[in-house]
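Protein chains in written order, with the numbering used here: chain L, 236 to 735; chain Z, 236 to 735. Every residue, glycine too, gets a C-beta built ideally from N, C-alpha and C.
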């Protein structure tokens with residue numbers, strides 16, 4: 236016994252010569268995870284910001300953050316009703332002391348929440364979230380889909396990201412299992428980074444750029460079969476609809492096909508539906524996976540787990556754009572009581588999501604109705620934001636398509652354009668010389684010249700041999716023309732300087 | 236090639252006969268993780284609540300949630316200045332439209348934050364948190380400790396829990412390493428649960444109940460050596476000061492000893508200091524690990540990583556008690572640039588912590604100063620809360636010590652009592668018959684009789700052969716006498732019914 240422990244003790248001790256936590260001894264999975272939306276290009280933009288603040292003269296007047304869907308940072312105005320209710324939930328005395336400060340429906344909504352919140356916003360809530368808010372969300376889903384929804388299947392989270400993390404933590408087994416998730420390429424890098432962190436395998440299925448970034452079922456099936464033949468236990472499929480970064484909107488027929496395949500192949504569907512209120516294509520509409528599943532007869536009753544579906548929503552997008560408040564929820568469907576209890580436990584570990592984000596989620600999906608004192612203002616604010624976003628989406632892809640070597644699909648939904656760029660060999664060699672991908676090289680040069688922060692396509696994944704970047708169309712409408720001019724100028728300069 | 240893939244494909248396919256996500260196929264680490272603070276006893280209390288709501292007659296009038304440090308749920312009143320600033324940050328128009336609604340310092344503070352927040356509270360912030368708030372925190376730490384602090388070493392988080400998760404994710408290497416963390420027993424179960432989830436090993440060091448739950452250095456060293464001899468790569472030590480659930484406050488000499496050991500043995504110190512403003516023992520004061528480290532000459536300069544220390548703070552405790560807002564921060568000390576960049580990346584993955592929690596953290600550590608218009612109100616509110624908590628801490632441990640079979644150390648700090656209970660063989664056998672630990676059995680019986688929600692000691696860890704429970708002393712002072720009477724009655728009944 237003692238003998239056996241000697242060599243072990245020795246090898247353990249020798250590992251402690253160094254520092255416990257440095258770039259070499261840190262968890263490798265953390266090092267390997269990548270999240271380009273806040274990566275090298277953003278880093279450089281912060282450096283440029285510091286230079287400007289220090290008085291250095293740069294070729295532009297301002298940094299334009301097109302790297303991230305952060306509408307308020309681009310000066311989108313918050314919705315009045317929503318903010319007033321939140322203020323009142325934080326300071327209930329304001330209404331008591333000043334009875335005419337807020338409209339009646341604002342006061343009533345705040346009182347409605349207060350009635351269900353022992354201790355107000357300062358108390359931990361139920362780990363799944365405030366029951367009154369979950370009831371509101373269930374009513375919203377039921378009305379949206381025309382099918383019942385249950386408050387006890389809803390988990391409020393700090394943004395959608397936390398929901399994805401919790402769900403994947405349950406789905407991907409640790410301890411050397413080769414569990415995989417079918418993930419669209421291009422994808423939002425939360426998925427790739429979470430898979431790396433959790434030791435899961437990303438099984439990429441490529442969206443078809445030539446067909447508005449649609450899902451190709453044949454390709455999906457082939458990909459799945461190949462991954463399984465290779466030993467990966469593919470246990471789920473992520474779908475982002477409307478697409479990030481692609482802007483594609485799935486038709487009900489496509490959703491049906493994906494659901495059929497998930498049922499046949501025993502895959503949990505992770506439906507990332509955070510852009511459901513951002514639909515720009517004329518005649519298009521959003522159908523949730525939950526709606527289509529219920530239409531197909533998969534009602535998610537207890538004991539029926541033929542289809543397992545988890546859908547995610549967030550306060551950060553839509554016309555609400557409240558990124559900073561970190562509100563969101565996931566709805567589970569066909570997920571049994573045992574797993575729901577584990578999801579509850581994981582949520583409990585961080586006690587609960589933040590109360591203001593929870594309330595913001597409730598107000599988002601239950602805004603003022605016609606006849607309510609706040610309705611007219613709300614309606615105008617919402618429509619102004621949505622119509623302006625729609626105009627900007629068209630401006631951006633039109634302007635990009637005019638540039639040499641750039642082709643860009645229309646953004647049918649969401650907040651991004653994901654154009655393809657064709658770079659010269661000279662540009663590619665210059666990137667290689669700097670040891671960075673060619674799309675990152677391009678984005679850094681555009682930033683240096685224009686102040687516009689883009690994200691290289693490699694951060695989202697792209698077909699081998701192609702190059703892209705992602706840009707939001709969130710800069711304020713009155714500056715958008717100027718921004719696209721800066722972009723065009725920087726692009727032309729880049730192309731001229733890198734001709735073969 | 237084709238041949239080789241056949242058996243693999245077969246074995247993979249056979250694993251997919253079942254449902255992807257159920258109680259059997261879920262990640263085992265999730266199933267194994269335990270978090271008793273919101274465990275079986277709380278579940279039962281929610282069931283009782285439903286029964287009461289349905290009109291069922293129970294032996295008590297109300298559920299008393301002593302399971303969790305959730306002051307506002309026990310009707311602790313929020314601080315006026317703090318809430319007013321937050322309301323104004325959410326609705327800046329309130330001050331513009333109604334110039335006399337808020338005191339001058341409220342308006343100025345809100346404006347100070349607004350100046351550093353492009354897009355206000357609705358925008359994602361820097362992943363580490365709002366620079367203006369990190370500057371405030373650095374100033375607070377510098378003043379508290381008498382040593383410099385840097386804003387770029389501070390990471391704002393959704394409560395302290397998120398900081399602990401992020402740090403442990405970096406520290407505990409995945410892929411079959413046997414990385415361990417020295418963890419006090421009893422401990423706050425966030426540590427045990429996080430270790431289970433991340434595949435780390437909990438290396439328990441027992442606190443000495445006979446010496447006010449103090450840390451014993453000899454025991455700590457022996458524990459470390461034994462764990463290393465067993466092949467565990469112990470990479471860090473968690474210290475909770477003031478202690479949860481123990482209420483122990485570490486003296487500077489003890490902190491010095493722990494720091495010396497961490498330096499000698501290359502351990503990262505995780506200093507959980509969320510109860511730093513909850514000091515009840517006469518003459519005692521809080522010393523941070525950072526202060527003592529700097530006193531000893533470990534200044535945390537870049538390149539000097541002899542000591543690696545991460546300390547955690549939260550808006551949820553102290554006299555602030557804003558649990559629902561989910562604010563908090565971690566300060567890293569002696570952690571190099573490479574690791575700080577990885578911490579930043581992990582924070583980026585969830586974009587940023589919620590803005591209201593971030594601002595609440597700033598206001599918490601930078602309250603009104605003498606001379607400010609809000610100071611008198613703030614001072615009274617703070618002192619009322621602290622002096623009442625102090626009285627309640629004494630009431631609770633005195634009342635508990637009067638009960639048959641119960642002994643309880645004084646709570647020198649924090650918000651809990653952690654009494655030891657001695658149960659009869661009859662009680663232990665009854666628990667065994669129900670297949671649950673004896674302390675859980677006891678807590679369930681007390682709940683059924685009194686409505687008081689306790690947490691079994693087994694949820695925190697306890698010396699083999701001993702039994703405990705944790706209770707907060709947060710019920711409102713005017714009801715505390717009645718609560719302790721209910722507790723005494725339920726306890727006496729339990730003892731009478733379980734005599735050997």
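- For residue 469 of chain L, the three-state secondary structure derived from DSSP is strand.
- 8 Å or more divides the Cβ of residue 704 of chain L from the Cβ of residue 628 of chain L.
- Bridge pairing for residue 676 of chain Z: absent [DSSP].
- Any Cβ of chain Z closer than 8 Å to the Cβ of residue 284 of chain L would place that residue at the interface, and such an atom is absent.
- Separation of the CB atoms of residue 523 of chain L and residue 514 of chain L is rounded to 12 Å, and the pair is thereby denied contact status at 8 Å.
- Residues of chain Z whose Cβ lies closer than 8 Å to the Cβ of residue 318 of chain L are, in chain order, 325 and 326.
- Residue 357 of chain L has a beta carbon lying within less than 8 Å of a beta carbon in chain Z.
- No Cβ of chain Z is located within less than 8 Å of the beta carbon of residue 347 of chain L.
- Remark: C-beta atoms of residue 688 of chain Z and residue 298 of chain Z approach each other more closely than 8 Å.
- If you draw a straight line from the Cα of residue 292 of chain Z to the Cα of residue 686 of chain Z, it comes to about 12 Å.
- When C-alpha distances from residue 638 of chain Z are compared across Z:721, Z:284 and Z:330, the shortest belongs to Z:721.
- Residue 599 of chain L and residue 569 of chain L have their alpha carbons spaced roughly 26 Å apart.
- DSSP, read as helix, strand or coil, puts residue 693 of chain Z in helix.
- Residues of the stretch 534-559 of chain L that bring their beta carbon within less than 7 Å of a beta carbon in chain Z comprise 540, 543, 556, 557, 558 and 559, in sequence order.
- In terms of Cβ geometry, residue 505 of chain L and residue 528 of chain L do not form a close pair [threshold 8 Å].
- Within the model, the alpha-carbon separation for residue 434 of chain L versus residue 408 of chain L is close to 8 Å.
- Under DSSP, residue 543 of chain Z forms a beta bridge with Z:503.
- In this structure, the alpha-carbon of residue 728 of chain Z lies about 53 Å from that of residue 430 of chain L.
- Residue 267 of chain L counts as exposed, since fewer than 16 other beta carbons sit within 10 angstroms of its beta carbon.
- Going by DSSP, residue 550 of chain Z is part of no beta strand (DSSP E) at all; its letter is neither H nor E.
- Rounded to whole angstroms, residue 351 of chain L and residue 361 of chain L show a C-alpha spacing of 11 Å.
- In the three-state reduction of the DSSP assignment, residue 714 of chain Z falls in the helix class.
- Sorting Z:374, Z:329 and Z:404 by C-alpha distance to the C-alpha of residue 260 of chain L places Z:404 at the top.
- The Cβ atoms of residue 423 of chain L and residue 479 of chain L sit closer than 8 Å to each other.
- Interface residue (Cβ-Cβ distance to chain Z less than 8 Å): residue 437 of chain L is not classified as such.
- Taking the C-beta atoms as reference points, residue 327 of chain Z is found nearer than 8 Å to residue 349 of chain Z.
- A Cβ-Cβ separation of about 5 Å places residue 501 of chain L in contact with residue 255 of chain Z under the 8 Å criterion.
- Taking 3 residues as the shortest admissible run, the stretch 414-471 of chain L contains the following complete beta strand (DSSP E) segments, listed from N- to C-terminal end: 414-420 and 436-441.
- At a beta-carbon threshold of 8 Å, none of the residues of chain Z lie near residue 632 of chain L; the nearest stands roughly 24 Å away.
- For residue 649 of chain Z, the three-state secondary structure derived from DSSP is coil.
- Chain L has no Cβ within less than 8 Å of the Cβ of residue 568 of chain Z.
- Just measuring C-alpha positions, the residue of L:308, L:337 and L:306 sitting nearest residue 320 of chain L is L:337.
- In this structure, residue 562 of chain L keeps its C-beta atom at 8 Å or more from the C-beta atom of residue 356 of chain Z.
- Annotation: residue 488 of chain L to residue 606 of chain L spans about 37 Å, alpha carbon to alpha carbon.
- Here residue 281 of chain L carries a helix assignment [DSSP, helix/strand/coil].
- The Cβ neighbour count for residue 334 of chain Z, taken over all protein chains shown within 10 Å, is under 16; the residue is labelled exposed.
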